[in-house]
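If you're matching positions, the sequence shown starts at 3 in my numbering and goes up one per residue.
Beta carbons are placed, not taken as given, at the ideal position from N, Cα and C, and that holds for glycine.
Quantities reported herein were computed from a predicted structural model and do not represent experimental measurements.
As C-alpha cells, the structure follows; a few thoughts come after it.
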Amino acid sequence: MKVLKLLAIPFFLVGCVITDQGIALNPPGPQIFVCLNAVTDDDAVAMKTNIKSEPFPDDRLTKAQILSKDRCFQAHQVVVIMSAMTFEDNKLEIAKFLYNKTENKNDYELCVDALTYGSDKDELRNYIAAMN
Numbered sequence: 003m004k005v006l007k008l009l010a011i012p013f014f015l016v017g018c019v020i021t022d023q024g025i026a027l028n029p030p031g032p033q034i035f036v037c038l039n040a041v042t043d044d045d046a047v048a049m050k051t052n053i054k055s056e057p058f059p060d061d062r063l064t065k066a067q068i069l070s071k072d073r074c075f076q077a078h079q080v081v082v083i084m085s086a087m088t089f090e091d092n093k094l095e096i097a098k099f100l101y102n103k104t105e106n107k108n109d110y111e112l113c114v115d116a117l118t119y120g121s122d123k124d125e126l127r128n129y130i131a132a133m134n
C-alpha cells in the first residue's frame with residue numbers, strides 16, 4: 003500500500019503547474035485554474051482608494067499594477083480598479099493588464115462596457131481575442 007501512495011504523489015505533481023496567479027492543474031481535459039490570492043470585493047474597493055491617492059494618472063496606473071501583482075480578480079472587480087483611473091487610455095491599459103489575472107474571463111465584457119470610446123472597446127475586444 004505504501005508503494006501505491008508514493009506513486010500517486012508524483013503523478014499529481016506532474017499534473018500541475020505553479021504560476022504567479024496560482025496553481026494550474028493539467029488533467030487530460032480542460033485546464034483548471036486555482037487562485038491562491040483572490041481579491042475580495044472589499045479588497046478591490048481598498049485598492050481603488052489607494053490608487054486614487056496618487057495625484058498623477060501614470061502613477062495611478064503604476065500603483066494599480068503594483069497592487070495587483072500576484073493577485074487574481076473577478077471581472078466586476080476589474081471595473082472597480084478601472085474606475086480609479088483618470089484617463090480612458092489608462093483604463094484600457096489596466097483592463098488589458100488585469101485580463102490574465104481574471105478568473106471569470108467570460109464576463110470580461112463588463113470591462114469593455116466600462117470604457118467610454120468605441121475605439122477603446124474595439125481595442126480591448128481585439129486584445130481579448132488575441133489572448134484566447
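Counting only the Cα atoms, Leu-112 lies some 7 Å from His-78. For Val-41, no alpha helix (DSSP H) run applies, since DSSP gives it neither H nor E.
The three-state reading of DSSP puts Phe-75 in strand, counting E and B together. For the pair Arg-127 and Gln-67, the Cα-to-Cα distance works out to about 21 Å.
Within the DSSP secondary-structure output, Thr-104 pairs in a beta bridge with Phe-75. According to the DSSP assignment, Ala-132 belongs to the alpha helix (DSSP H) that extends over 120-133.
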